[in-house]
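To start, the structure under review is shown below, and the notes come after it.
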Amino acid sequence: MAAGIDRPLEQILVTLGTRLKSLRSQHGWTLEQLSKRTKLSEPYLSRLEGGTRQPSLAALITLGQVYNIPIRTLLDDGDEQSARCAVIRAGSALPRSANGLSYRAISGGGALTNLQAIAIEIPANRHYEKFNQHEGEEWLYVLSGRVKLVFESEEHLLDAGDAAHFDARTPHRLAADGKRGAEILLVASVVPGPALPLNLI
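Take any residue in the sequence shown, note its place counting from 1, add 4, and you have its number in this note's numbering.
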């Protein structure tokens, strides 16, 4: 169904707001950070995400450019097929950096917002001592290298092919062990509300 046909404006705005909030969450941006990227005010962006403000065409173009997706995708009505499966193509998510890590989101889209999957590169020389924690769970799988998963009272060394599943409320941090970096896949369950990748890792 084409966006907007046989749907009241209120429903279109709510769907758009949910999608915008999900996209911002996937990129790990605060409203302030998104405001700087789009030159749109934080209150305006907040009302868009809340589904209480009708966006201008200029705002839709700007948001589409920032998120690197077509406007049509922003306005799509999220039919049953797209709700069942969101395909994330190789190269569709640009690598980003946070907390000394390079990562890219490899999940998200439409109504599927309860999990976040992230591909992460951990450099050998990463020195990050802060522990992170959040609601939900995390599962990680080591693709290459050796990873040190550190909790406040214990640590685990994980080799390629190893996995770990833990309560994300437990303070934790990651490091590469040895002289080479490591690559992992990380999947986190997400509770309602903003979920920032930089807080996951």
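Glycine included, every Cβ here is placed at the ideal spot set by N, Cα and C. Nothing here was measured: the structure is a model prediction, and the numbers come from that model.
Identify the continuous beta strand (DSSP E) that holds residue i and give its terminal residues.
{"i": "glutamate 187", "result": "186–193"}
{"i": "tyrosine 107", "result": "105–109"}
What residue does the alpha helix (DSSP H) around residue i start on, and which one ends it?
{"i": "glutamine 30", "result": "13–31"}
{"i": "isoleucine 75", "result": "75–79"}
{"i": "glutamine 37", "result": "35–42"}
{"i": "leucine 52", "result": "46–53"}
What whole-angstrom Cβ distance do residue i and residue j have, given they're in contact under 8 Å?
{"i": "glycine 32", "j": "arginine 100", "result": "7 Å"}
{"i": "alanine 172", "j": "glycine 140", "result": "5 Å"}
May I ask you to list the residues that DSSP assigns as paired with residue i?
{"i": "glutamate 142", "result": "Phe170, Ala192"}
{"i": "lysine 152", "result": "Leu161, Ala179"}
{"i": "glutamine 58", "result": "Answer by DSSP bridge pairing: none, since glutamine 58 is not bridged."}
Rank the options by C-alpha distance to the C-alpha of residue i and give the top, closest one.
{"i": "lysine 43", "options": "Val70, Tyr107, Ile188, Ile110", "result": "Val70"}
{"i": "threonine 22", "options": "Ser45, Glu36, Ser39, Arg57", "result": "Arg57"}
{"i": "valine 154", "options": "Ala179, Glu139, Arg51, Asp171", "result": "Ala179"}
{"i": "alanine 90", "options": "Ile75, Ala109, Gly55, Leu105", "result": "Ala109"}
{"i": "glutamate 187", "options": "Ser193, His176, Ala167", "result": "Ala167"}
{"i": "alanine 128", "options": "Gln137, Ser106, Lys134", "result": "Ser106"}
{"i": "histidine 138", "options": "Gly68, Ala192, Gly54, Gly55", "result": "Ala192"}
{"i": "leucine 162", "options": "His176, Leu17, Gly149, Lys134", "result": "Gly149"}
Leaving out five residues on either side along the sequence, give the residues of the same chain with a beta carbon under 7 Å from the beta carbon of residue i.
{"i": "leucine 147", "result": "Ala164, Glu187, Ile188, Leu189"}
{"i": "leucine 35", "result": "Glu46, Leu49, Ser50"}
Taking 6 Å as the limit between beta carbons, can you name the residues of its chain near residue i, skipping five residues before and five after?
{"i": "glutamine 85", "result": "Note that glutamine 85 has pLDDT 46, beneath the 50 cutoff, so the model's placement of it is unreliable and the number below is only indicative. Answer for glutamine 85: no residue qualifies."}
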